[in-house]
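K.L.:
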Amino acid sequence: MSDRYLAVHFPAFRLERCGYDPRDVAVLIGLERSAMRVLALTPAASELGLHRGMTVSEARSVEPSVEVELWDPAGELTDRSALLRAWSRISDAVQAMGEQDLVLEVSRTARTFGGEEGVVRAARELAASLGHAVGVAITDDPRAAVALARRPGNPIVPVGGMREALAMLPVHALDPPEGLLASLRALGIRTLGELAALDAASVAGRFGADGVRLHRLACGGRPPRDEAEVAWVEDELPGVSTPLAGATTTLQLHFVLPGLLQQLARALSDLGLAAVQLRCTLELDDGTFAGFGVRVGRPTRDVATLEHLVRTRLATVKLEAPVEAWRIEVQEAVPSAGWQPGLTDRTEAREPLPDVLARLIDALGEEAVFSAEPVDAWCPERAWRPVPFALRPPLRRPPPAPDDVVDRQERWDHALTWARPASLLESPVLIEVQGSPPARLRLPTGWLAVETATGPEVLSGSWWQPEAAWDREYWVVRLTGGRTAWIYAAEHHWWLHGWF
Amino acid sequence: MGDAVTIARLREQIRALEGGARVEGHRRLSGLPALDTLLGGLVQPGLVEISGPEGSGGVRFALALVAEETRRRRNVVWVDRARSLYPPAALAAGVDLDRLLIVRPPSSCAEGGRHAGTWAVEQVLRSGCFGLVVATEGLDPLGQPQQEHRFAGSRWRQAAEQGGCTGLFVTRSPSLRRILQADVRLGLEGRTLTVLRDRHGASGGRALLPPWPEDA
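Chains as they are written, first to last, in numbering that gives the first Met the number 0: chain A, 0 to 499; chain B, 0 to 215.
Set out below in structure tokens:
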């Protein structure tokens, strides 16, 4: 059975999601090339002569009554993800192709709808229920299906009938590279039918690999298999990859992400696994690689959760070169098991705390996310240490009896402890001090008078190791202006160590 | 009065253009009598700023609020962009360290460090896992307040609204103050807490905080 693809074209999605009808004269604007320009428009606005790239004032000069909507990228991304999930009712293999098109692989699911006519009917009903006007087409190739969905006509192209269906379409309908399009036009080749009539060998010689791909499609054949997603299992862990033909923005990566993760989720489901850690690798066209890891707080194969985590990391990626392929591999997985929220979890949180921690650790490193534990040490900077944050704090031991001798001694010792600053500098700063006790001190910003000086508190340690021995005389100084600093004298120098 | 009404109307128009729904914050008791008397509590969701030079008590004031939160068995996150929070002092202030998550983004001289702090603050505000998020100002390699992205304040505000939490910012520099546009701005001089600005209330009120330990 050959693969069959349903393409759904949303001519006005970007404005319909904002509440506009395709018959409204409305444009979506955003900052582009230092001006607010039209990014998308309704079909009605297009018919009046408005087009992408116009400034807002140019658009108003053509049509004064045009309605203007400011682009909300985050909202649009959320709506696109929701749209993809909605279409998984028709097929579990859904992928976005460009800003206004979806492609679904329907050869396995058409029977459920009573054949391809049923699929087309279900697609139109679903689009109407979501409030979108769409064009649909079913054919053997996804790009051809998209090209046909954008134009009126019979939506179902029979198997082997692609050449005839594409013949009258202009060559730009299949979105060829700019250079190839210009070359074809220069030779007077306007339609795909004219291109298909050319000899394959001469097309290869004159137009190269891109021309061969376009010619094969125009002739009703399938382009080379490398355009499809690939899934594999290595060392019992799955991975997926997809070629990207030189993607230059992360927005293009966002478009293919849901399809990739659905494949990955299917592979995890087949293996009975839930992902703990993913590795995303981008192959760049200069031969280098860019990559990032994604740690999952709770093992999951839920597409929405994985999508959210990967999108967040993707937002921090800068592309140094066009992307040729994207690979997502599972680096760590566990047998899938259900997860029940704990009885003491705060269920009103919008995101589970383990997921937040995992995302912070992924982005900043394990050493950047921690809790603190006091250490019994005299040296101030060694009086605490970082420990992993416990999702459930340990149970407290019961308080000691009131007449406990040890407890009474500890409370007495604690009462003698000198005040400690709220902020301790990572590295003490060398300063100048005048007077004993300190009466003036010179910070990097200048001299300040000391109103009160409390001390000295003498701290020392490691006296048995000459190379590690330290000996400091600490003072708490209140400066004019109400600031309180913690300074110490050691080895004939003064240092600023912290602020209260 | 006319100017204030006009400004409020313009703010609302900008918010509508940005696509944000109107969010009405409410006040919840902080547990600090001085603050609750002065403001009626902490605005939630919203941003609160305590401004003043180093050593003026802003961090200690924040620790007092954190102590109240952890005493109520709530987790708090402290985004320590200044990389100087001293946990023994937090313990002495009554903070339950088991409920304090400290996030110390890479310093601004590290690759990607400059934006890591801004990103971390936004993530924890938006998560909805914490009722209180405290953030200190980032420092550049010379130890001076780091120049913040001009949209950082609006992004943090949206994140706080989405997460339903209070963001408490301890600031030093006027530039961050302008970017932050906090709902409430407090000043601390000695033990005197002053309301410098309250978007939904009256400014100028003062309260005296309890004596600091070194004054006892």
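C-beta atoms are modelled at their ideal positions from N, C-alpha and C, and glycine is treated no differently.
Remember, it's a predicted structure, so these values are computed and weren't measured experimentally.
1) Report all residues from its chain with a CB closer than 7 Å to the CB of A/Ala121; omit the five preceding and five following residues, and keep chain order.
2) Please determine, among B/Arg198, B/Val123 and B/Arg190, the residue with the shortest C-alpha to C-alpha distance to B/Arg103.
3) If you reduce the DSSP assignment to three classes, tell me which class A/Trp377 lands in.
4) If you follow the beta strand (DSSP E) that A/Glu104 is part of, which residue opens it and which one closes it?
5) I'd like to know whether the C-beta atoms of B/Gly51 and B/Gly57 end up nearer to each other than 8 Å.
6) Between the stretch 60–70 of chain B and the stretch 114–121 of chain B, do at least 3 Cβ pairs fall closer than 8 Å?
7) For a contact defined as C-beta to C-beta under 8 Å, what are the partners of A/Pro373 on chain B?
8) Should A/Trp383 and B/Pro210 be called a contact, given that it needs their Cβ atoms to be closer than 8 Å?
9) So with Cβ pairs under 8 Å, would you call B/Arg149 a contact of chain A?
10) Measure the alpha-carbon distance for A/Ala39 versus A/Ala109 and round it to whole angstroms.
11) In the DSSP output, which residue or residues are listed as bridge partners for A/Thr247?
12) Within the 8 Å Cβ cut-off, does A/Arg419 reach chain B?
13) Taking C-beta to C-beta, are A/Gly329 and A/Pro237 nearer than 8 Å?
14) I'd like to know if B/Arg43 contacts chain A, where contact means its C-beta is closer than 8 Å to some C-beta of that chain.
15) Can you pull the chain B neighbours of A/Arg569, defined as C-beta to C-beta under 9 Å?
16) For A/Thr41, name the three-state secondary structure that DSSP assigns.
17) For the stretch 259–330 of chain A, list the beta strand (DSSP E) runs that are entirely contained and at least 3 residues long, ordered along the chain.
18) In terms of alpha-carbon separation, which member of A/Glu57, A/Val145, A/Gly480 and A/Glu66 lies closest to A/Phe9?
19) Have a look at the DSSP bridge pairing and note the partners of A/Arg36.
20) Should A/Val374 be labelled buried (16 or more other beta-carbon atoms within 10 Å of its own) or exposed?
21) On a Cα-Cα basis, can you pick out the residue from A/Glu46, A/Val55, A/Arg22 and A/Phe12 that is closest to A/Arg32?
22) Among the residues of its own chain, which have a CB less than 8 Å from the CB of A/Ala264, if the five just before and after it don't count?
23) Give every residue of the same chain whose Cβ lies closer than 7 Å to the Cβ of B/Gln161, excluding the five residues on either side of it in the sequence, and list them in chain order.
24) Just the chain A side, please: which residues come within less than 8 Å of B/Trp118 by C-beta, in chain order?
25) Entirely within the stretch 115–156 of chain A and at least 4 residues each: give me those alpha helix (DSSP H) ranges in chain order.
26) So A/Phe291 contacts chain B; which residues on that side make the cut at Cβ distance below 9 Å?
27) Please state whether DSSP places B/Phe168 in a helix, a strand or coil.
28) Does the distance from the CB of A/Arg3 to the CB of A/Ser106 come in under 8 Å?
29) Buried or exposed, going by whether 16 or more other CB atoms sit within 10 Å of the CB of A/Arg212?
30) Chain B partners of A/Gly204, CB-CB under 8 Å?
P.N.:
Put simply:
1) Counting from 1 along the first sequence, the entry for residue 121 of chain A is found at position 122. Answer for A/Ala121: Ile89 and Phe112, listed in chain order.
2) In the second sequence, residue 103 of chain B corresponds to position 104, counting from 1. Minimum Cα distance to B/Arg103 is reached at B/Val123.
3) Your numbering for residue 377 of chain A matches position 378 in the first sequence. Reduced to three states, the DSSP call for A/Trp377 is coil.
4) Working through the first sequence from its first residue, we reach residue 104 of chain A at position 105. Per DSSP, the continuous beta strand (DSSP E) segment holding A/Glu104 begins and ends at Asp100 to Glu104.
5) On the second sequence, residue 51 of chain B is found 52 positions in, with the first residue counted as 1. On the second sequence, residue 57 of chain B is found 58 positions in, with the first residue counted as 1. For the pair B/Gly51 and B/Gly57, the CB atoms are nearer than the 8 Å cut-off.
6) Remark: fewer than three beta-carbon pairs, one from each stretch, lie closer than 8 Å, so the stretch 60–70 of chain B and the stretch 114–121 of chain B are not flagged as touching.
7) What you label residue 373 of chain A is simply residue 374 of the first sequence in a count that begins at 1. Those within 8 Å of A/Pro373 in chain B are Pro86, Pro87, Leu90 and Leu96.
8) Residue mapping note: residue 383 of chain A aligns to position 384 of the first sequence, counting from 1. Residue mapping note: residue 210 of chain B aligns to position 211 of the second sequence, counting from 1. It is not a contact, given that the beta carbons lie outside the stated cut-off.
9) The residue given as residue 149 of chain B occupies position 150 in the second sequence. Taking 8 Å as the threshold, the shortest C-beta distance from B/Arg149 to chain A does not fall below it.
10) For the purposes of this step, residue 39 of chain A is identified with residue 40 of the first sequence, where counting begins at 1. For the purposes of this step, residue 109 of chain A is identified with residue 110 of the first sequence, where counting begins at 1. A/Ala39 and A/Ala109 have their alpha carbons spaced roughly 33 Å apart.
11) For the purposes of this step, residue 247 of chain A is identified with residue 248 of the first sequence, where counting begins at 1. Note: A/Thr247 is not bridge-paired with any residue in the DSSP secondary-structure output.
12) For the purposes of this step, residue 419 of chain A is taken as residue 420 along the first sequence, with counting starting at 1. At least one chain B Cβ lies under 8 Å of A/Arg419.
13) On the first sequence, residue 329 of chain A is found 330 positions in, with the first residue counted as 1. On the first sequence, residue 237 of chain A is found 238 positions in, with the first residue counted as 1. Checking the displayed sequence, the identity of residue 329 of chain A turns out to be Val instead of Gly. Yes, they are a contact pair.
14) As a first step, residue 43 of chain B must be located in the second sequence, where it is residue number 44. Note on identity: in this sequence residue 43 of chain B is Gln, with Arg being the wrong assignment. Output row for B/Gln43: interface = no.
15) There is simply no residue 569 of chain A to check, as chain A begins at 0 and stops at 499 in what is shown.
16) Within the first sequence, numbered from 1, the residue matching residue 41 of chain A stands at position 42. DSSP places A/Thr41 in coil when its eight states are reduced to three.
17) Those beta strand (DSSP E) runs which fall completely within the stretch 259–330 of chain A and span 3+ residues are 272–283 and 288–299.
18) By 1-based counting over the first sequence, the position of residue 9 of chain A is 10. It is A/Val145 whose Cα lies nearest to the Cα of A/Phe9.
19) What you label residue 36 of chain A is simply residue 37 of the first sequence in a count that begins at 1. DSSP, once it has assigned bridges, lists A/Gly29 and A/Thr54 as partnering A/Arg36.
20) Indexing the first sequence from 1 puts residue 374 of chain A at position 375. Exposed is the call here.
21) Translated into positions along the first sequence, residue 32 of chain A becomes position 33. Residue nearest to A/Arg32 within the set A/Glu46, A/Val55, A/Arg22 and A/Phe12 is A/Val55 (criterion: CA-CA distance).
22) As a first step, residue 264 of chain A is located in the first sequence; it is residue number 265 there, counting from the start. The beta carbon of A/Ala264 sits closer than 8 Å to the beta carbons of Arg300, Asp301, Val302 and Leu305 from its chain, once the five residues preceding and following it are set aside; these are given in chain order.
23) For this step, residue 161 of chain B is matched to residue 162 along the second sequence. Correct list, in chain order: Arg125.
24) Taking the second sequence and counting its residues from 1, one reaches residue 118 of chain B at position 119. The contacting residues are Thr315 and Ala362.
25) The qualifying runs are 115–128 and 141–148.
26) Taking the first residue of the first sequence as position 1, residue 291 of chain A is located at position 292. Residues of chain B with a Cβ closer than 9 Å to the Cβ of A/Phe291 do not exist, since the nearest Cβ in that chain sits about 11 Å away.
27) As a first step, residue 168 of chain B is located in the second sequence; it is residue number 169 there, counting from the start. In the structure shown, B/Phe168 sits in a strand (DSSP, three-state: E or B).
28) Numbered from its first residue, the first sequence carries residue 3 of chain A at position 4. Numbered from its first residue, the first sequence carries residue 106 of chain A at position 107. Less than 8 Å separates the beta-carbon of A/Arg3 from that of A/Ser106.
29) Within the first sequence, numbered from 1, the residue matching residue 212 of chain A stands at position 213. With 16 or more other Cβ atoms within 10 Å, it is buried.
30) Walking along the first sequence from the start, residue 204 of chain A turns up at place 205. Per Cβ cutoff of 8 Å: no residues; A/Gly204 is ~47 Å from chain B at best.
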